[in-house]
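Below is one structure; the comments refer to it alone.
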Amino acid sequence: MKVVDKLTRNLFASKLKAEVIEGDTIYLENTKADIVRGNRIVIGQGCEIRLIEFKEHFEADKSAKIGNSTRL
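As numbered in the working numbering, residues 897 to 968 make up the sequence shown, in order.
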């Protein structure tokens, strides 16, 4: 997985924060990101994602907060 731009992880928090996450196959939990981009994306529990851009497959846990998703 390739993580781009500002990536911060507070040692005392259990949530990954990133501006952009890119990869072929991506599985995330407990993550807050502006954009997640990839071929196959699975968003698990505890995620807050503003925009998903995917080519082949996208699914999200019912508890995840997703702004928009776009097939490329």
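Where is the CB? At the ideal position from N, CA and C, for every residue including glycine. Keep in mind that this is a model prediction, so the values were computed, not measured.
- GLU925 sits in coil when the DSSP states are folded into three classes, being neither helix nor strand.
- Between GLY934 and PHE950, the C-beta gap is smaller than 9 Å, which places the two residues in contact.
- Here LEU968 is exposed. Its C-beta has fewer than 16 other C-beta atoms within 10 Å.
- Counting along the chain, LYS961 sits inside the beta strand (DSSP E) bounded by residues 961 to 967.
- For LYS911, there is no enclosing beta strand (DSSP E), as DSSP marks it with neither H nor E.
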